[in-house]
Amino acid sequence: MTADWQQGGDVNSAQPRGIELTILDVDGARVLDVRGVVDLLSAPAFREHVEAALAEAPRALLIDLTDVDFFASVGLEVLVSAHRSAPPTTQVAVVADGPATSRPIRITGVDQIVALYPTLQQAVDGIGH
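For what it's worth, our numbering labels the leading residue of the sequence shown as 163, then goes sequentially.
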């Protein structure tokens, strides 16, 4: 797996405390690496990054929540919205495998709307099919 880190430009400049959002390319997929806390305060920045990534119409947008410590219901809404607003040529998937992230995604059924993978590599492999 190869990763090319890219600056997020103006989108990164207004990140609230408690969340880090980075856009990168991994094996031809656009990855939004999310770290920290997704709650009411950070959700607008999370949504803005997702929308900015989708605006580029990548073949895939992988939202990596591996390093998220808290994921509020507003984050679930951002995931569903991303799936619904994605261009027809863009696959949206989530990477999450912890109790703070994958559990709420499964309990609420969001994993029935947005593909859920336990690792970034499995997501990269899965979007190719």
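Think of the CB as a built atom: it goes at the ideal place given N, C-alpha and C, for glycine as much as any other residue.
Confirm, please, whether the CB-CB distance from T252 to A219 is below 8 Å.
Yes, the Cβ-Cβ distance between A219 and T252 is below 8 Å.
With DSSP collapsed to three states, give me the class of G307.
One cannot answer for residue 307 here, as it falls past the ends of the chain, which runs 163 to 291.
Is the beta carbon of R209 sitting closer than 8 Å to the one on V240?
Taking 8 Å as the Cβ cut-off, R209 and V240 qualify as a contacting pair.
L183 (DSSP reduced to helix, strand or coil):
strand
Beta-carbon proximity list for G288, same chain, < 8 Å, skipping 5 on both sides
A255, A277, Y279
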